[in-house]
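The structure under discussion appears below in the form of structure tokens.
Protein chains: 2
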Amino acid sequence: MSYTHRYRLALDRILELVVVLNDDMTRSLASYGLTVSRTHLLWELRQRGPTTQKALADALQVSPRTVTGLIDGLVSSGFVTREPHPSDRRATHVSFTEWGVSIMVVLERSHAEFAQALFASMPDTDFDCFVVGLDQLLGRLREHVAASAEDA
Amino acid sequence: MSYTHRYRLALDRILELVVVLNDDMTRSLASYGLTVSRTHLLWELRQRGPTTQKALADALQVSPRTVTGLIDGLVSSGFVTREPHPSDRRATHVSFTEWGVSIMVVLERSHAEFAQALFASMPDTDFDCFVVGLDQLLGRLREHVAASAEDA
DNA sequence: TATTGTTATACTCTATAACTATA
DNA sequence: TATAGTTATAGAGTATAACAATA
Numbered sequence: 008m009s010y011t012h013r014y015r016l017a018l019d020r021i022l023e024l025v026v027v028l029n030d031d032m033t034r035s036l037a038s039y040g041l042t043v044s045r046t047h048l049l050w051e052l053r054q055r056g057p058t059t060q061k062a063l064a065d066a067l068q069v070s071p072r073t074v075t076g077l078i079d080g081l082v083s084s085g086f087v088t089r090e091p092h093p094s095d096r097r098a099t100h101v102s103f104t105e106w107g108v109s110i111m112v113v114l115e116r117s118h119a120e121f122a123q124a125l126f127a128s129m130p131d132t133d134f135d136c137f138v139v140g141l142d143q144l145l146g147r148l149r150e151h152v153a154a155s156a157e158d159a
Numbered sequence: 008m009s010y011t012h013r014y015r016l017a018l019d020r021i022l023e024l025v026v027v028l029n030d031d032m033t034r035s036l037a038s039y040g041l042t043v044s045r046t047h048l049l050w051e052l053r054q055r056g057p058t059t060q061k062a063l064a065d066a067l068q069v070s071p072r073t074v075t076g077l078i079d080g081l082v083s084s085g086f087v088t089r090e091p092h093p094s095d096r097r098a099t100h101v102s103f104t105e106w107g108v109s110i111m112v113v114l115e116r117s118h119a120e121f122a123q124a125l126f127a128s129m130p131d132t133d134f135d136c137f138v139v140g141l142d143q144l145l146g147r148l149r150e151h152v153a154a155s156a157e158d159a
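Going down the list, the protein sequences come from chains A and B. Count along the first sequence from 1, then add 7; that gives the number in my numbering. Count along the second sequence from 1, then add 7; that gives the number in my numbering.
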């Protein structure tokens with residue numbers, strides 16, 4: 008079998024991985040009352056600490072309007088709060104509730120356990136080599152995205 | 008650095024791959040007037056040949072109502088047609104238009120070129136080893152999904 | 001009675017544009 | 001004049017439930 012053909016099969020398997028991984032995350036997060044998009048926002052908030060909606064919109068590369076919707080949902084479900092920004096009265100200060108922090112801790116733990124479940128049974132040499140390939144792949148993909156962005 | 012830690016980093020990189028790949032596909036398909044979901048449907052239709060909406064709903068693991076919406080879009084944009092089913096008057100026969108087929112040919116070619124761009128620069132031994140890891144990963148992931156499904 | 005696909009309704013994510021309050 | 005966030009509006013994907021036509 009030619010490498011050209013094997014490249015295509017490998018890409019197909021990666022796309023399958025994307026689908027299965029996405030479904031699994033969606034289902035698993037739903038059990039916490041979360042969606043993938045809202046969890047991305049929580050993740051950013053976790054990295055930065057309390058911040059403005061504008062900063063979150065930039066970080067997630069999404070419109071300010073979209074952040075309004077995501078935060079609306081997260082406030083209703085009790086993960087975060089909106090408070091007046093201490094120094095800029097136009098802006099909103101978004102912070103975790105105690106409940107929100109406790110869920111993030113659970114998610115981080117379950118993330119680590121998931122990684123363990125996926126890789127722990129893999130022989131070390133296979134894992135090392137897989138990571139090398141993965142890094143190369145991400146590099147090529149970024150080049151590809153950059154090249155397509157130039158065309159547009 | 009512990010393997011436990013390295014597993015987490017590898018998972019993070021895979022999740023990053025998922026995001027970048029999804030964005031790239033979304034952007035690239037948009038230039039053909041397609042979305043990811045509609046393209047999944049076209050892909051299934053390509054594998055099976057003309058078929059019913061029910062069959063497509065089962066294949067995509069999505070509700071019949073969702074297929075109605077996807078086909079509505081694909082009919083408006085001229086990729087497929089709805090015709091009476093030859094033997095079952097309840098059902099709809101979904102087929103490609105000529106235009107739809109011609110776009111599928113272009114997409115298949117661009118898919119193969121994409122695979123080439125991602126992998127061709129990788130040394131053969133790295134590629135082979137990456138594929139081994141990828142297969143193991145998909146296997147573990149499927150086990151994980153099956154196990155979570157049992158809980159629910 | 002069961003199946004196919006639709007209408008009705010609702011929720012989420014996404015966007016742009018117009019607007020308010022503030023800087 | 002520029003910025004932060006909202007309301008208004010719209011399109012896409014998803015779901016369930018009720019219903020029509022047909023099997």
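Even glycine gets a Cβ: it sits at the ideal position worked out from N, Cα and C.
Do you know offhand how far residue i's Cα is from residue j's?
i, j, result
"residue 39/B", "residue 150/A", "22 angstroms"
"residue 45/A", "residue 88/A", "14 angstroms"
"residue 90/B", "residue 101/B", "6 angstroms"
"residue 118/B", "residue 106/A", "45 angstroms"
"residue 24/A", "residue 92/A", "41 angstroms"
"residue 49/A", "residue 128/B", "37 angstroms"
"residue 54/A", "residue 55/B", "46 angstroms"
"residue 72/B", "residue 82/B", "15 angstroms"
"residue 20/A", "residue 47/B", "15 angstroms"
"residue 97/B", "residue 110/B", "30 angstroms"
"residue 12/B", "residue 108/A", "22 angstroms"
Buried or exposed, going by whether 16 or more other CB atoms sit within 10 Å of the CB of residue i?
i, result
"residue 85/A", "exposed"
"residue 153/A", "exposed"
"residue 60/B", "buried"
"residue 8/B", "exposed"
"residue 15/A", "buried"
"residue 112/A", "exposed"
"residue 74/A", "buried"
Taking the alpha carbon of residue i as the point to measure from, which residue in the options has its own alpha carbon closest?
i, options, result
"residue 147/B", "114/A, 65/A, 121/A", "121/A"
"residue 99/A", "63/A, 68/A, 53/A", "63/A"
"residue 22/A", "17/B, 31/B, 90/B", "31/B"
"residue 94/B", "77/B, 108/B, 79/B, 58/B", "58/B"
"residue 137/B", "74/A, 50/A, 70/A, 17/A", "17/A"
"residue 158/A", "157/B, 35/B, 41/B", "35/B"
"residue 144/A", "124/B, 144/B, 142/B", "124/B"
"residue 80/A", "70/A, 41/A, 37/A", "41/A"
"residue 10/B", "141/A, 135/A, 156/A", "135/A"
Check residue i in the structure and name its three-state DSSP category.
i, result
"residue 89/B", "strand"
"residue 59/A", "coil"
"residue 99/A", "strand"
"residue 71/A", "helix"
"residue 132/B", "helix"
"residue 76/B", "helix"
"residue 140/A", "helix"
"residue 8/B", "coil"
"residue 39/B", "coil"
"residue 104/B", "coil"
Report back the beta-carbon spacing between residue i and residue j to the nearest angstrom; my notes put them in contact at under 8 angstroms.
i, j, result
"residue 103/A", "residue 52/A", "7 angstroms"
"residue 139/B", "residue 133/A", "6 angstroms"
"residue 26/A", "residue 33/A", "With a Cβ gap of about 11 angstroms, residue 26/A and residue 33/A do not count as contacting."
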